[in-house]
Structure formats: structure tokens, C-alpha cells
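The structure appears right after this line, and notes come after that.
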Amino acid sequence: MMASSAMVTANQLIIMAELKLFRTWSSRFALRVVWALDLKGIQYDTIFEDLSNKSSLLLQYNPIYKKVPVLVHNGKPLLESLVILEYIDETWKQTPLLPEDPSERATARFWAKFGDDKVLPSIWNVFIKQGKDQEEAIVTAQENLGFVERQLTGKKFFNGETIGLVDLAFGWLANLLSVWEEVCGATLIDHEKFPLLLEWIQNFADAPIIKESWPPRDKLITKYQAHHEVYTSKEAPK
Amino acid sequence: MAEDSLKLLGNWVSPYSLKVKWALKLKGIQYQYVEEDLQNKSPMLLQYNPVYKKIPVLVHDDKPLAESLIILEYIDEVWKQNPLLPIDPYERAKARFWAKFVDDKCVPALMAAFSKRGEEQERAIKEAHENLKILESGLEGKRFFGGETIGFVDIAAGWIGRSAQMAGEIIGIKLIDAETMPLLDSWFQDFLGIPLIKECMPPQDKLLEHIKELHTKNLTAAST
Chain Z
1 MMASSAMVTA
11 NQLIIMAELK
21 LFRTWSSRFA
31 LRVVWALDLK
41 GIQYDTIFED
51 LSNKSSLLLQ
61 YNPIYKKVPV
71 LVHNGKPLLE
81 SLVILEYIDE
91 TWKQTPLLPE
101 DPSERATARF
111 WAKFGDDKVL
121 PSIWNVFIKQ
131 GKDQEEAIVT
141 AQENLGFVER
151 QLTGKKFFNG
161 ETIGLVDLAF
171 GWLANLLSVW
181 EEVCGATLID
191 HEKFPLLLEW
201 IQNFADAPII
211 KESWPPRDKL
221 ITKYQAHHEV
231 YTSKEAPK
Chain X
239 MAEDSLKLLG
249 NWVSPYSLKV
259 KWALKLKGIQ
269 YQYVEEDLQN
279 KSPMLLQYNP
289 VYKKIPVLVH
299 DDKPLAESLI
309 ILEYIDEVWK
319 QNPLLPIDPY
329 ERAKARFWAK
339 FVDDKCVPAL
349 MAAFSKRGEE
359 QERAIKEAHE
369 NLKILESGLE
379 GKRFFGGETI
389 GFVDIAAGWI
399 GRSAQMAGEI
409 IGIKLIDAET
419 MPLLDSWFQD
429 FLGIPLIKEC
439 MPPQDKLLEH
449 IKELHTKNLT
459 AAST
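From first to last, the protein sequence lines are chains Z and X.
So for the first sequence, the working numbering puts the first residue at 1; every next one is plus one.
So for the second sequence, the working numbering puts the first residue at 239; every next one is plus one.
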């Protein structure tokens, strides 16, 4: 993405001097960083990793977790997607991802964390389970989604009129969820229970810049079909 | 600032509410403290934190905030004296990373080391030691994570020193090994020796009794 010349100051040219993002084609966490950088019009180099054959650079920059995303800024590595997002927001002030008011910032951080700690694992649970276990997993996942749905009351995005940190954090809901639903045959988000979420998914998925980065759906289906086979072959349906 | 505009719902033994107490004390902020009985949670707590139903909850001008690290960042943004996070964005990112590493990696491993038995326990102890060693590298040879004075990570992680030491004594295994992690060990000692830190901590004997009770419960659960 090219930053418009009006936005790029001499300082920003220096800051942009060396910015590298290590990612994979499908990582939902790395995608958050892609979106954040693209929304702010920041230039960077992308290194695609094959996680079955990690590069020595990745292992050097992230020896603790050996994962993507890693954002390297002037040789200094940043890890953990939400930590990276906050760093990006603090370093490049255009198109802010977080509001200014401290209690609104705390609320945004809360929902981003809830998404990663509760929503994502509970939906993954639906994907990998079968029979009665899956039914129970659906109840939990929908309880969690209920909290998320209510956060959208009166708002187009979680951040209000524009996309922000929480929207990026929940971005995976706008593409991966339907992939997982298709592969495992369960429906989690229906119009009756989650009208606001469905609308948000539409608005987010079609938003400029966001829509340019979605990984190809057919590749995702193939990938998760393979995952699903592994998980469901371990368990007999109950 | 009127004391009744700031309220902390906490629990005497919870390290998570302790972190918030430390931050408020460090900044000299007055507040009303409400002790919650976690076996019998108040309607107020359930109203303020319907998602997790947990403490700590900080209520400021009737706005509830939950999750200890998020509360710490809020406190730091509203009250600027004695800052917890550094100014530089990269240093801030490192601090956030280490605080998350403690909660995601160190704490679960330590809890498993304390509560499991046999091979599972051995694995957990090994993992706990490895993760603490990694945490030690985050000190970067400094006295505190915050440098010469305590900051975000010190407050986020320092509580482990006392609990892990007591838990280790009870199960007969050194969870914090002064020999293999000397810098971490002296950091714990220095941090826990600071007067305002000590003042907020639960009484030593009551904490020990509580951890012993937990251990007994674990043993009973394991044998049934």
C-alpha cells in the first residue's frame, strides 16, 4: 500500500526504513497486523513462512514461541499480534485503532482479549468435536458470541463508525467462521440470534483495505478439511 | 479526588487484585476497597463483571473495568505520576509482552506443578523452570523490569515470588531456584522487600495456611 504523499513526513520516511512482517498465508493473527499496517498506509516487506520449515530468521527473532506474526522494526522484533497492534498505533498516529478516552481503550482491550481467550477457543471446540460434545460446545460458543453481539448495539463497527482494534481482533469471525461451519457442518451464527454480528461480518469483510487481504477461501476450505479429518478420526461420535 | 468515585472489588488472597492494589498505592491514589467472598459473589460484582464474574473489578465514576493488566494500563493512563509503562513504544511493547508471558506461560505451569502428581507434575515443573528462566532473560540484567524503579512487569509478575516459594516448600520442590535463576531470585527478593509492596500483601501466615488448604484439596481430589 502506498501512503499518500500528503501523509508521509520526513520522520515517517525514517521510521518506514526497515519494517518486515513475518507471516503465513493463512494466519489469522498475522492478518491483523497486515490490516493495521495497510489501514495506516505503512510500507513494509512481507516474509511468508512455512511453519513446517521455519526460517532461521524467524527462529532468531522469535526464539520463545517460534511463531508468526513477528514484526521487525529497524531490527527490533515485536511479538504477539495484539501487542504489535498497540505498538503500530503508538508509532504511527494516522487512522487510530484505539479511541483516546482511557475507559473506552480499556473496554476495547477487554473485548479483544475476550475474543482470543474465550470466543476463539470455544468456536474451535465446536469445529473439532462431534455429537453430544459438539452440542455442548455450541452452547458455550453461542453464550460467548452473545456477549460480542451486544457490543455491536447501535454501532457499525466495534470501534464505532470506523474500524479499530477490536474489529481487527475479531476479523477472523468474518471469514474463518464460515469456513469452519462449512467443513464441520454446524451453524453458529444465525440471523435470529446474531443479526448484528452478521451485519458486522458483511461490513467488515467488504471494507476497503480489509477485503484486499483475505486468504483464498478454497485454500482455507482444503486446509481445514484436512484438520477436521485429523480431529474427528481420533474420536468416535457419541 | 473523592474516594467514593473509585472502588476496587477484590479478594485478600488473589494476586490479580493485589496487582491493582500495588498500582494504586504506587501512584498514591485513594479508593474504596470492597472485599468479595468468592464462594458467595455479591450482586454488585455480577453486575459489574457479567462476562467473567471475577475480581478484580475497578469501578471509576460508575464505569467498571475488568482484567488486571487492562486495569493497570487504565490506571497508568488516567494517573500520570509514577508511571508503570515506559514512554518508548518498543519498551512498552516489551513490557506488555512479558506481562502476557507471565500469565500465559509461567502461571499455568506453576499451578500445574503445584496441583498435579507423577509424570504430569514432573513435566509441569520442568516447564515452569524453563519459563521462569525465559522470564529472567527479560530482566536484561536490570534490577527491576522497570529499570531502577518498579514498573508494569514488576507489578504484573512480582507476586509469583512469595506464592511459588511457599508452594514449593509445601510440595518439597524448589520452584524458584536461586542457583539456576539467580537474577530472577534476587529480583523477587528486591521487589518483595519494597515497603509499599510488602504493606499490601496478605499476611504471611494466612497466605501459607491458604496454600496448604489448596494442597490438601488437591490431594483429596487426586485420591478420589
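All residues carry an ideal CB built from backbone N, CA and C; glycine is no exception.
Run the CB neighbour count on T107/Z, radius 10 Å, all protein chains shown included, and call it buried at 16 or more, exposed below. Buried, because 16 or more other Cβ atoms sit within 10 Å of the Cβ of T107/Z.
Do L497/X and L296/X have their C-beta atoms within less than 8 Å of each other? A query on residue 497/X cannot be resolved here, the shown segment of chain X reaching from 239 to 462 and no further.
So which residues on chain X does S26/Z lean against when the C-beta distance must stay under 7 Å? Result: empty, since nearest Cβ-Cβ is about 22 Å, beyond 7 Å.
Go ahead and label L244/X buried or exposed: buried means 16 or more other beta carbons lie within 10 angstroms of its beta carbon, across all protein chains shown. Counting of Cβ neighbours within 10 angstroms places L244/X among the buried residues, the total reaching 16 or more.
With 16 other Cβ atoms within 10 Å as the buried cut-off, status of V230/Z: Counting other Cβ atoms within 10 Å of its Cβ, V230/Z stays below 16 and is therefore classed as exposed.
Taking 8 Å as the limit between beta carbons, can you name the residues of its chain near H228/Z, skipping five residues before and five after? Counting only Cβ-Cβ distances below 8 Å, and skipping sequence neighbours, we find F127, I128, V183 and C184.
Does V68/Z have its Cβ less than 8 Å from a Cβ in chain X? No, V68/Z does not count as interfacial toward chain X.
On the criterion of 16 or more Cβ atoms from any shown chain inside 10 Å, does I88/Z qualify as buried, or is it exposed? So I88/Z ends up on the buried side.
Could you check where the beta strand (DSSP E) with L19/Z kicks off and where it finishes? DSSP places L19/Z inside the beta strand (DSSP E), whose first and last residues are L19 to R23.
Are the CB atoms of S233/Z and V34/Z within a distance shorter than 8 Å? Result no, Cβ atoms of V34/Z and S233/Z do not sit closer than 8 Å.
If we ignore side chains and look at the alpha-carbon of each, how far apart do G115/Z and G41/Z end up? Taking the straight line from one Cα to the other gives about 26 Å.
What runs of the alpha helix (DSSP H), each 4 residues or longer, lie entirely inside the segment 73 to 132 of chain Z? Uninterrupted alpha helix (DSSP H) stretches at least 4 residues long and entirely within the segment 73 to 132 of chain Z occur at 81 to 91, 102 to 114 and 120 to 128, given in chain order.
Beta-carbon separation of P441/X and T91/Z under 8 Å? For the 8 Å CB-CB criterion, P441/X and T91/Z do not form a contact.
Residues of the segment 311 to 337 of chain X in Cβ contact with chain Z at a cutoff of 8 Å, in chain order, please. Listed in sequence order: E311, Y312, E315, V316, P327, Y328, R330, A331, R334 and F335.
Contacts that F110/Z makes with chain X (C-beta to C-beta distance below 9 Å): Think of a sphere of 9 Å around the beta carbon of F110/Z: the chain X residues whose beta carbon falls inside it are V289, L303, A304, E305 and I308, in chain order.
Does I372/X come within less than 8 Å of chain Z when only Cβ atoms are used? For I372/X, at least one C-beta of chain Z is nearer than 8 Å to its own C-beta.
In chain order, what residues of the same chain have a beta carbon less than 7 Å from the beta carbon of T46/Z, not counting five sequence neighbours either side? For T46/Z, where only same-chain residues beyond five positions count, the Cβ hits under 7 Å are L21 and R23.
For the alpha helix (DSSP H) that F429/X lies in, which residues bound it at each end? Annotation for F429/X: the continuous alpha helix (DSSP H) segment containing it runs P420 to G431.
CA-to-CA distance, S27/Z to V70/Z, given in whole angstroms: Answer to the nearest angstrom: the Cα atoms are 12 Å apart.
Skipping 5 residues on each side, what residues in its chain have a beta carbon closer than 8 Å to that of R381/X? Same-chain partners within the cutoff: W425 and D428.
C-beta contact flag for P294/X and I313/X at 8 Å: In this structure, I313/X does not lie closer than 8 Å to P294/X by Cβ.
Runs of beta strand (DSSP E) wholly within the segment 280 to 361 of chain X (minimum 3 residues, chain order): Within the segment 280 to 361 of chain X, the complete beta strand (DSSP E) runs of at least 3 residues are 295 to 298 and 301 to 304.
Here's a check: name, in chain order, each residue in its chain whose Cβ is nearer than 7 Å to the Cβ of D167/Z, leaving out the five neighbours to either side. Once the five neighbours on either side are set aside, the close Cβ partners of D167/Z are F157, F158, N159 and F204.
Chain X beta carbons: is any one of them nearer than 8 Å to that of A106/Z? It does; some Cβ of chain X falls within 8 Å.
Outcome for S81/Z when other beta-carbon atoms lying within 10 angstroms are tallied against a minimum of 16: With a threshold of 16 other beta carbon atoms within 10 Å, S81/Z meets it and is buried.
Tell me which residues share the same chain as A261/X and place their Cβ nearer than 7 Å to its Cβ, disregarding the 5 neighbours each side in the sequence. In the same chain as A261/X, and ignoring 5 residues on each side of it, the C-beta atoms closer than 7 Å to its own belong to L310, I313, L322 and I393, in chain order.
Return helix, strand or coil for G385/X, following the three-state DSSP convention. In the three-state DSSP reduction, G385/X falls in the strand class (E or B).
Go ahead and label Q134/Z buried or exposed: buried means 16 or more other beta carbons lie within 10 angstroms of its beta carbon, across all protein chains shown. Buried.
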